[in-house]
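**Student:** Dropping the structure in here first, questions after.
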């Protein structure tokens, strides 16, 4: 276990949504679970999010969306990850995502969608189970 590095997560608020309390709660829960968390702040573009993921060498991108723009923003993030040949980053989405949009988001490459009321322990457990663990370079 000593040669495994902490799971690194970017938590982002894409689009024009100005409500970030939930994103901050998630960021703190992930941090308290031993993960390294980079919170990018409000009003992030898909380009800014993917750039942060590249710079920070993250394992997970967590998108918190309440604005209803998920069908435009999430596929763009996935597309930019592919353009940058990033295929080992887990993408998860939280927020108010209508049931009819979930299947399409998952088909685009989202690993999981966590709606309001999801237990923090469930989110932490999902990430731990699904991140491809990388060793710390010797």
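In the numbering used here, the protein residues as written are 1239 to 1376. Note that the Cβ used here is the ideal one computed from N, Cα and C, for glycine as well. No experiment lies behind these values; they were computed from the predicted model shown.
Would you list the one or two residues that DSSP bridges to residue 1350?
**Tutor:** Walking along the chain shown from the start, residue 1350 turns up at place 112. Residue 1350 is bridged to 1330.
**Student:** From residue 1274 to residue 1338, what distance separates their C-alpha atoms?
**Tutor:** Taking the chain shown and counting its residues from 1, one reaches residue 1274 at position 36. Taking the chain shown and counting its residues from 1, one reaches residue 1338 at position 100. Those two C-alpha atoms are separated by around 33 angstroms.
**Student:** Nearest to residue 1332 by CA position, among 1258, 1272, 1302, 1355, is which residue?
**Tutor:** As a first step, residue 1332 must be located in the chain shown, where it is residue number 94. Closest option to residue 1332, Cα to Cα, is 1302.
**Student:** Hey, is the segment 1292-1306 in contact with the segment 1249-1262, meaning 3+ C-beta pairs nearer than 8 angstroms?
**Tutor:** yes
**Student:** Please name the residue or residues paired with residue 1246 in a DSSP beta bridge.
**Tutor:** Residue 1246 sits at position 8 when you count from the first residue of the chain shown. DSSP, once it has assigned bridges, lists 1274 as partnering residue 1246.
**Student:** Could you tell me whether the segment 1345-1352 touches the segment 1316-1333, using the rule of 3 or more Cβ pairs below 8 angstroms?
**Tutor:** yes
**Student:** Assuming the contact rule is C-beta atoms closer than 8 angstroms, residue 1254 and residue 1281 should be a hit. Round their C-beta distance to whole Å, please.
**Tutor:** On the chain shown, residue 1254 is found 16 positions in, with the first residue counted as 1. On the chain shown, residue 1281 is found 43 positions in, with the first residue counted as 1. Yes, residue 1254 and residue 1281 are in contact; Cβ-Cβ is about 6 angstroms, under 8 angstroms.
**Student:** List the residues that DSSP assigns as beta-bridge partners of residue 1302.
**Tutor:** Locating residue 1302 in the chain shown gives position 64, where the first residue counts as 1. Residue 1302 pairs with 1332.
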